[in-house]
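Undergrad:
2 protein chains.
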Amino acid sequence: MASEKPVLYSYFRSSCSWRVRIALALKGISYDLVPVNLIKDGGQQFSAEFKALNPMQQVPALKIDGITLSQSLAIINYLEETHPNPRLLPQDPKKRAQVRMIADHIVSGIQPLQNLSVLKQMGDKKMEWAQNCITSGFQALEQILQQTAGRYCVGDEVSMADLCLVPQVANAERFKVDMGPYPTISRINKALLELEAFKISHPSRQPDTPAELRA
Amino acid sequence: MASEKPVLYSYFRSSCSWRVRIALALKGISYDLVPVNLIKDGGQQFSAEFKALNPMQQVPALKIDGITLSQSLAIINYLEETHPNPRLLPQDPKKRAQVRMIADHIVSGIQPLQNLSVLKQMGDKKMEWAQNCITSGFQALEQILQQTAGRYCVGDEVSMADLCLVPQVANAERFKVDMGPYPTISRINKALLELEAFKISHPSRQPDTPAELRA
């Protein structure tokens, strides 16, 4: 089992899926991708077949080494432990804690609030709601990054925090959030998007990217 | 700095604060507690003083070893790395991944959706909204635990997943969620509540617990 190629269940526009695609790319792990369309047929993640695979009915899910994992950071931590190079957590415990704090702030504090399932409940207020969640999260993030950042979120090494930052900025742009007040976030995002692993994992370059959104 | 006693900023009823209180208790780390009342004065977490300490304007926050950390799992991971005994992550990477998957499912997939800031927006639909979020999260969790659980969430050792489970079940009870369909969650919750670390960290036994809610 352990030698089979991992299978990633992914949706091109899912920011949580993108985090994992970046990790796989950075670590040079080749994988097969199975697209799960979160919109089509009322959401393919709700099919009985997918539910059997991942009871959370969400992407990403990764079949690897004979198990199926869900939750982007749990998957990324597993990849970090089983494929330690290049590392996505600094060696110093305090810096590791800062990486995790920033990642968790995005993964628990921002993204879930502007997730598809929440936005569905918001009707006409959808856009305003998403903008408020992201704005309030980015205000805190900008302040934190001013303490922790070097070239990237924490110092000059790419870390788990960066894997969360870039997809969240893409969400912000999709919801037309004014990025003017967040110069540090914007600068780091731009530097990261120049890296090959962030480019090839981009939503505009996935097998399930619709033709009109392709790079 | 490193030898000063840690300071935990906590609210008795915050489920995220409770997670950290359990970790501190399990690892036998003594600390000073500063209560932050999330309701009083429009929310003490929004004060300029607290914002300077934690730009995320949330509890828990932990001052420790000369830094201030926020985000419950980031704090717990830091404690795990600096105070490894007793361990809160299994040694086997696959089991560690399962622990993180369950913890993240609660921390990112359930709790943020029934958080105070979201509920404020829901007006009359507050109770129904919270119940739906928890119910849908618990359905997935029950199914996952049937694969992973021993005495506790993953096997027979207390892990980070358990630190997230118990406070989330308390939230479910507060929102009057019918726990009948979740026998595995209920059984594990009961076993954990018998442990001293879960008892002394309980919301009913905190310095800021109002008299009428005290155990």
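Protein sequences, first through last, are from chains P and A. Just so we're aligned: 116 in full-length UniProt numbering is position 116 of the first sequence, and the numbers increase by one with no gaps anywhere. Just so we're aligned: 147 in full-length UniProt numbering is position 147 of the second sequence, and the numbers increase by one with no gaps anywhere. Backbone N, C-alpha and C define an ideal beta-carbon position, used for all residues, glycine too.
(1) Could you tell me which chain P residues have their CB closer than 9 Å to the CB of A/E81, listed as they occur along the chain?
(2) When the Cα atoms are used, what is the spatial distance from P/D178 to P/A130?
(3) A/I102: which of A/L163, A/L193, A/G66 and A/L8 sits nearest, CA to CA?
(4) Within the same chain, show all residues whose beta-carbon is closer than 7 Å to that of P/N189, passing over the 5 residues directly before and after it, in chain order.
(5) Output the boundary residues of the beta strand (DSSP E) element that contains A/Y9.
(6) With DSSP collapsed to three states, give me the class of P/K176.
(7) From P/A25 to P/H83, what does the alpha carbon distance come to, in whole angstroms?
(8) What does A/H105 reach in chain P if we use C-beta pairs closer than 7 Å?
(9) Determine contact between the stretch 66 to 73 of chain A and the stretch 112 to 119 of chain A, defined as no fewer than three beta-carbon pairs at a distance below 8 Å.
(10) Please classify A/A2: does DSSP put it in a helix, a strand, or coil?
(11) Just the chain P side, please: which residues come within less than 8 Å of A/N77 by C-beta, in chain order?
(12) Hey, A/I144 and A/N171 are a contact pair by Cβ (cut 8 Å); roughly how many whole angstroms apart?
(13) Here's the rule I'm using: 16 or more other beta-carbon atoms within 10 Å means buried, otherwise exposed. How should A/E4 be labelled?
(14) Assuming P/L89 and P/M160 are in contact, meaning their beta carbons sit under 8 Å apart, how far apart are those beta carbons, in whole angstroms?
(15) Would A/V34 count as contacting chain P if we go by Cβ distances under 8 Å?
(16) Apart from the five residues just before and just after P/D208, which ones in its own chain have a Cβ nearer than 6 Å to its Cβ?
(17) Using DSSP's beta-bridge definition, name the partner residues of P/K94.
(18) Check P/L73 in the structure and name its three-state DSSP category.
(19) Does DSSP put P/A61 in a helix, in a strand, or in coil?
(20) What would DSSP say about A/G155, mapped onto helix, strand or coil?
(21) If we call anything under 8 Å between Cβ atoms a contact, is P/L38 one with A/P112?
(22) Any idea what DSSP makes of A/A149, helix, strand or coil?
(23) If we cut at 8 Å on Cβ distances, does P/P167 have a partner in chain A?
(24) Could you pull out every residue in the same chain whose Cβ sits closer than 7 Å to the Cβ of A/M30, ignoring the five residues on either side in sequence?
(25) Can you pull the chain P residues whose beta carbon is under 7 Å from the beta carbon of A/I144, in chain order?
(26) By how many angstroms is the C-alpha of A/P60 removed from the C-alpha of A/S72?
(27) Below 8 Å on the Cβ atoms is my guess for A/V107 versus P/S17; work out the distance and round it to an integer in Å.
(28) Just the chain P side, please: which residues come within less than 7 Å of A/L113 by C-beta, in chain order?
(29) 8 Å is my cut-off, CB to CB: does P/G155 come that close to chain A?
(30) Exposed or buried, A/R100, counting other C-beta atoms within 10 Å across all chains shown (16 or more means buried)?
(31) Can you tell which of P/K126, P/E49, P/P93 and P/S14 has the C-alpha that lies nearest to the C-alpha of P/S175?
(32) From the beta carbon of P/A74, is the nearest beta carbon of chain A less than 8 Å away?
(33) Out of P/R19, P/M56 and P/M122, which one is the CA nearest neighbour of P/I200?
(34) Helix, strand or coil for P/T209, going by three-state DSSP, please let me know.
(35) Which residue from P/I22, P/P93, P/R187 and P/S10 puts its Cα closest to that of P/Q57?
(36) Consider the Cβ of A/D65: report whether some Cβ of chain P lies at a distance smaller than 8 Å.
TA: Let me spell this out:
(1) P93, R96 and A97
(2) 12 Å
(3) A/L163
(4) L165, V166 and V169
(5) V7 to S10
(6) coil
(7) 12 Å
(8) M56 and Q71
(9) no
(10) A caution first: A/A2 carries a pLDDT of 49, below 50, which makes its placement in the model unreliable, though a value can still be read off. DSSP places A/A2 in coil when its eight states are reduced to three.
(11) R96, A97 and R100
(12) The pair is not a contact, with the Cβ atoms about 18 Å apart (cut-off 8 Å).
(13) exposed
(14) 6 Å
(15) no
(16) F12 and P35
(17) Beta-bridge pairing links P/K94 to no other residue.
(18) helix
(19) strand
(20) strand
(21) no
(22) strand
(23) no
(24) According to the sequence as given, residue 30 of chain A is Ser; it is not Met. Cβ within range, chain order: K5.
(25) P55
(26) 6 Å
(27) Rounded, the Cβ-Cβ distance is 19 Å, inconsistent with contact.
(28) P112 and V118
(29) no
(30) buried
(31) Before going further, note that residue 175 of chain P is Phe rather than Ser in the sequence given. Per the Cα distances, P/K126.
(32) yes
(33) P/R19
(34) coil
(35) P/S10
(36) yes
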